[in-house]
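S.K.: Let me give you the structure first, and then I'll get to my questions.
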Amino acid sequence: MNKKEFTITIAGGGSTWTPGLLKALCKRKGTFPLKRVVLFDNNPERQEVIGEFAKVLFKEEYPTVDFEYTTSPEVAFTGTDFVFCQIRTGGYKMRELDEKIPLSLGAIGQETCGPGGFAYGMRSIGDMIKLIEEVRKYAPEAWFLNYTNPAAIVADALKKAFPNDKKILNICDQPVNLLRSYGRLLGMDSSEFEPVYFGLNHFGWFTNIYDKNGVDLVPKLKDITLNSGFKPADAEQRDQSWLDTYAMVRDMLVDFPDYMPNTYLQYYYYPEYKKAKLDPEYTRANEVMNGREKRVFEECREIAARGSMGESNVVHNDAHGEMIVEVAESIAFNENRIYIVIVQNNGLISNLDDDVMVEVAANLGINGPRPFGVGKIGTFYKGLMEQQFAYERLTVEAWFEGSYAKALQALTLNRTIVDAKKARKILDALIEANKEYWPTLR
Ligand code: G6P
Ligand code: MN
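Okay, structure coming up:
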């Protein structure tokens with residue numbers, strides 16, 4: 001029997017991640033046949049560069065695909081089966097401010113953590129709601145797979161805005177990046193792992209990772225990490241700041257040896273130490289703008305001009321792109337593979353409120369995620385998660401209600417800030433910088 005052919009729309013078509021994602025679509029054409037692929041962006045100049053590259057890629061690797069790029073929501077979404085969403089409101093220029101403003105005022109400046117994540121969240125919510133309204137106008141039944149950050153805050157906001165929409169799935173690639181890294185350390189194929197995980201997005205822990213025979217690999221992983229350190233699966237392609245981040249997993253295990261931690265926990269466990277290590281004049285946004293962004297756009301221009309892919313490696317193996325394609329495939333063909341996803345708690349963690357947006361492992365099939373419960377969690381983890389979720393929830397409420405008071409409460413609760421006077425200074429500076437993007441806070 002011939003498999004159905006699908007249509008995929010990438011919202012945020014001009015992203016630096018798009019080439020890797022398109023390459024992943026080509027790689028999986030045998031198992032995930034496509035009829036049509038559309039890029040959608042509100043920035044036509046940026047998207048054109050990627051779109052012209054994509055024409056060459058599909059001509060060489062997947063000529064049967066009907067490809068186009070557009071700024072029209074109607075063209076982008078009519079008849080689509082999956083929307084992969086990776087928009088970035090304010091672009092890397094605003095990411096740079098998210099990182100630098102807090103650092104100039106004595107707090108962590110990071111894309112998704114602390115006040116940086118707060119600022120980005122307050123920019124993302126409005127655009128995400130508008131985008132989903134447009135998607136639902138033209139494709140009421142499409143799956144909306146969201147990558148847009150800060151995913152924890154975006155997921156909670158979307159739950160509030162679209163409480164009955166069962167086809168919005170928020171998912172992050174960092175757990176897959178970590179599983180691949182464990183695979184490399186152990187010399188095993190991570191796609192065979194069965195992980196047990198709990199937390200919030202960018203704030204979670206692997207408690208167990210079972211191999212095919214049911215053997216838990218976590219004890220061995222801890223040993224290897226404690227003795228020889230930790231590095232990403234794709235270490236050769238990573239910038240120094242990411243290598244530093246992965247190396248911190250060892251520090252975290254020394255202090256909190258229960259579980260294998262998500263790398264982002266470094267900012268919450270060690271806010272003072274990490275702040276001292278970050279350069280307020282040159283942050284990750286600068287590294288990305290001078291590195292990945294330059295490289296991707298230059299190579300895409302060259303490929304389009306030449307009309308052939310040649311030796312280009314603009315699309316090296318990239319967990320980001322590969323995971324989202326595999327996720328779509330697992331839904332499309334009801335494969336029920338295990339992914340770590342963001343869902344409403346509803347008893348999964350039994351001693352946490354039902355409406356917390358938690359991150360746990362789930363079978364992923366045609367009806368969406370069927371998540372695995374983890375029971376009761378320890379006091380340390382519960383305390384950390386409740387404080388962090390309160391920050392996330394207050395951020396979402398600050399946006400919906402235009403509430404300065406809630407924004408201040410949110411930042412005060414964040415472990416990377418703590419002091420309310422510091423929180424107020426940072427909030428006022430971020431309000432000034434984000435005038436064009438945030439609702440007015442009163
Ligand atoms: C991981 C995270 C993403 C994050 C990305 C940042 O993949 O899961 O949420 O956006 O890292 O990467 P960058 O290279 O832009 O710092
Ligand atoms: Mn993520």
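Just so we're aligned, residue 1 is where the sequence shown starts under the UniProt record's numbering, counting upward by one. A virtual CB, placed ideally from N, CA and C, is assigned to each residue, including glycine.
#1: Residues in its own chain within less than 6 Å of ALA155 by CB, not counting five upstream and five downstream?
#2: Evaluate PHE40 with the Cβ neighbour count: other Cβ atoms within 10 Å of its Cβ, from every protein chain shown; 16 or more gives buried, anything less gives exposed.
#3: Do you know whose CA, among THR9, ALA11, LYS4, TRP17, lies nearest GLU322's CA?
#4: Shorter than 7 Å, the distance from the beta carbon of GLN240 to the closest heavy atom of ligand 1, or not?
#5: Under 7 Å from any heavy atom of ligand 1, does the C-beta of GLU99 make it?
#6: Is it buried or exposed for LEU34, if we count other Cβ within 10 angstroms and need 16 for buried?
#7: Could you work out which residue in ARG88, ILE87, GLY114, VAL418 is closest to residue 461 when comparing CA atoms only?
#8: Given this structure, state the Cα-to-Cα distance separating THR80 from GLU60, to the nearest angstrom.
#9: Buried or exposed for PHE380, please, with buried defined as at least 16 other CB atoms from any protein chain shown within 10 angstroms of its CB.
#10: With C-beta atoms as the reference, is MET309 less than 8 Å away from VAL56?
#11: Is GLY117 helix, strand or coil when you go by DSSP?
#12: Helix, strand or coil for ARG28, going by three-state DSSP, please let me know.
#13: Helix, strand or coil, according to DSSP, for TRP399 in the structure here?
#14: Please indicate yes or no: does the CB of THR18 lie closer than 7 Å to some heavy atom of ligand 1?
#15: Our contact map puts PHE32 next to ALA332 with C-beta atoms below 8 Å; I'd like the distance itself, whole angstroms only.
#16: State the DSSP-derived secondary structure class of CYS300, mapped to helix, strand or coil.
#17: Measuring only the C-alpha atoms, how far is GLY14 from ARG46?
#18: Shortest alpha-carbon distance to THR89 belongs to which of ASP211, ILE129, ALA362?
#19: For LEU217, which of ASP428, THR70, THR440, LEU185 has the nearest alpha-carbon?
#20: Which of the three DSSP states, helix, strand or coil, is assigned to GLU359?
#21: Buried or exposed: which applies to PRO371, given that a residue is buried once 16 or more other Cβ atoms fall within 10 Å of its Cβ?
#22: Considering only residues of the same chain and omitting the five flanking positions on each side of PHE203, which have a CB-CB separation below 8 Å?
#23: If you drop the 5 nearest sequence neighbours on each side, which residues of the same chain put their C-beta closer than 7 Å to that of ASP98?
#24: In the DSSP assignment, the beta strand (DSSP E) including LYS35 goes from what residue to what residue?
#25: Judging by CA-CA distance, which residue of GLU141, SER181, GLY375 is the nearest neighbour of residue 447?
#26: In or out: VAL296 buried (at least 16 other Cβ within 10 Å) or exposed?
#27: What residues come near ligand 2, if near means a beta carbon less than 7 Å from any of its heavy atoms?
#28: Report yes or no: do the region 199-213 and the region 243-252 share at least 3 C-beta pairs separated by less than 8 Å?
#29: Nearest-angstrom Cα distance between ASN201 and CYS172?
#30: How is ILE417 classed by DSSP in three states: helix, strand or coil?
#31: In terms of DSSP beta bridges, what is ASN351 paired with?
#32: Nearest-angstrom Cα distance between LYS382 and GLY199?
#33: Buried or exposed: where does ILE349 fall if 16 or more other Cβ atoms within 10 Å of its Cβ makes it buried?
#34: Give the DSSP bridge partners of ARG337, in chain order.
#35: Taking only the alpha-carbon atoms, compute the straight-line gap between LYS5 and ARG36 and give it to the nearest angstrom.
#36: Check whether the Cβ of ARG295 lies closer than 7 Å to any heavy atom of ligand 1, and answer yes or no.
M.R.: Walking through what the data contain:
#1: ASN170, ILE342, MET357
#2: Buried is the label assigned to PHE40, since at least 16 other Cβ atoms lie within 10 Å of its Cβ.
#3: TRP17
#4: no
#5: The answer is no for GLU99.
#6: buried
#7: Residue 461 falls outside the range modelled here, since the chain spans only 1 to 442, and no answer is possible.
#8: Approximately 24 Å, taken between the alpha carbons.
#9: exposed
#10: yes
#11: helix
#12: Here DSSP, grouped into helix, strand and coil, assigns ARG28 to coil.
#13: helix
#14: no
#15: Contact holds; Cβ gap of about 7 Å.
#16: helix
#17: The straight-line gap from Cα to Cα measures roughly 5 Å.
#18: ILE129
#19: LEU185
#20: strand
#21: buried
#22: ALA152, ASN262, TYR264, LEU265, TYR268, GLU359, LEU384, MET385, GLN388
#23: GLY109, GLU111, GLY116, ALA119, TYR120
#24: 34-40
#25: Given a span of 1 to 442 for the chain in the structure shown, any question on residue 447 remains unanswerable.
#26: Burial is judged here by how many other beta carbons sit within 10 angstroms of a residue's own beta carbon; VAL296 has at least 16 and is buried.
#27: THR112, ASN149, ALA151, CYS172, ASP173, GLN174, ASN201, HIS202
#28: no
#29: Distance between ASN201 and CYS172, taken at the CA atoms: about 7 Å.
#30: coil
#31: Partner(s): none; ASN351 has no beta bridge.
#32: 9 Å
#33: Buried, by the Cβ-count rule.
#34: LEU364
#35: Residue identity check: residue 5 is Glu in the sequence provided, not Lys. Going by the C-alpha atoms only, they are around 8 Å apart.
#36: Outside the cutoff, so no.
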